[in-house]
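Structure first, then comments.
Here you go:
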């Protein structure tokens with residue numbers, strides 16, 4: 001009995017202690033990678049804030065830095081745990097060569113099941129390489145089984161998944177391989193488009209002048225001058241329908257600001273055109289289909 005106890009003690013001292021140190025070391029290494037990644041991300045953002053004065057360019061740079069650091073962190077931790085597992089098996093004197101045959105069979109079986117994981121990783125790699133979107137971007141994603149698409153703010157991007165938060169506050173997690181099409185609503189600039197339905201029997205030239213004055217007033221408003229990339233433009237009559245025409249106002253804004261500008265245009269436009277009676281009212285149309 002003493003011999004067994006002594007053997008166990010020797011194993012714990014010689015092998016068990018090394019294995020325990022390897023496990024603890026891998027956990028500490030993974031935590032260190034995460035800590036270093038956080039510090040590097042903060043440092044790069046701080047340097048960028050000192051060198052880049054344009055807020056939009058700085059925001060885009062920070063989004064890209066956050067996304068890349070997250071991906072590198074995830075990949076490094078995966079490598080650390082994989083190497084630690086191999087070293088532990090070697091330390092336990094598990095014959096690695098004898099595991100080749102069963103590992104091949106298991107690998108083939110897992111390969112079929114892990115195809116989507118590999119697809120996720122490849123898709124995630126190209127998302128980073130092509131800078132399709134980053135943390136903080138507002139995007140609309142088309143995915144299988146979703147007809148209307150998913151719109152929300154990107155909260156996290158890894159090599160395997162993308163997390164977005166929609167307008168209802170729900171967090172949606174999508175595997176990167178399931179993403180078929182991405183519409184980035186906050187990249188470089190956005191465009192606001194507002195259509196006003198106008199009666200055909202009013203002075204359309206006068207209505208256009210009123211809308212042009214409205215567009216000029218918003219463009220010069222101190223509240224919106226730093227939000228608009230260029231002046232708002234009245235493009236004129238876009239469509240003609242029975243009893244009405246559509247006059248459009250459009251313009252470029254900073255990323256993701258088109259909705260706020262659009263609300264302001266609609267509020268002022270409805271007030272202005274409602275006072276003059278130029279807005280189209282479908283209840284007032286008399287549809288004559290002949291005798």
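Numbering (the UniProt record's numbering), first residue to last: 1 to 291. Glycine is no exception: its CB is placed at the ideal position from the N, C-alpha and C atoms. None of these values were measured; they are calculated from a predicted model.
In the DSSP annotation of this structure, residue 238 is not part of any alpha helix (DSSP H); the continuous beta strand (DSSP E) holding it starts and ends at 233 to 241. 8 Å or more divides the Cβ of residue 93 from the Cβ of residue 144.
When the beta-carbon positions are compared, residue 250 and residue 183 stay at least 8 Å from each other.
The stretch 152 to 159 and the stretch 195 to 205 do not touch, with fewer than 3 CB-CB distances between them shorter than 8 Å. In this structure, residue 228 sits near residue 219, with a CB-CB distance shorter than 8 Å. Only residues of its own chain outside the window of five on either side were considered, and among them 273 have a CB closer than 6 Å to the CB of residue 279, listed in chain order. Here residue 93 carries a coil assignment [DSSP, helix/strand/coil].
Within its own chain, the residues whose Cβ lies closer than 7 Å to the Cβ of residue 128, once the five positions on either side in sequence are excluded, are 67, 68 and 71, listed in chain order. Restricting attention to alpha helix (DSSP H) runs no shorter than 4 residues, the stretch 169 to 221 encloses them at 204 to 220, ordered along the chain. Put simply, the stretch 224 to 238 touches the stretch 247 to 263. At least three CB pairs are less than 8 Å apart. Looking at the backbone, the Cα of residue 142 and that of residue 25 are separated by about 42 Å. Judged by their CB atoms, residue 140 and residue 174 are not nearer to each other than the 8 Å cut-off. Each of 32, 30 and 61 was checked against the Cα of residue 45, and the nearest Cα belongs to 61. Secondary structure of residue 156 (DSSP, three-state): strand. Under the three-state reduction of DSSP, residue 135 is assigned to coil, being neither helix nor strand. Distance between residue 116 and residue 41, taken at the CA atoms: about 30 Å. Nearest to residue 240 by alpha-carbon distance, out of 209, 163, 204 and 123, is 204. Proximity of the stretch 130 to 139 to the stretch 79 to 87 falls short of the contact definition, fewer than three beta-carbon pairs being nearer than 8 Å. Excluding its 5 nearest sequence neighbours in each direction, residue 266 has C-beta neighbours in its own chain below 7 Å: 194, listed in chain order. In the DSSP assignment, residue 31 falls within the unbroken alpha helix (DSSP H) covering 17 to 51.
Distance check between residue 132 and each of 120, 64, 178 and 149 places 64 closest, using alpha-carbon atoms only. Going by DSSP, residue 279 is part of no beta strand (DSSP E) at all; its letter is neither H nor E. Counting the other CB atoms within 10 Å of its CB gives residue 177 a total of 16 or more, which places it among the buried residues.
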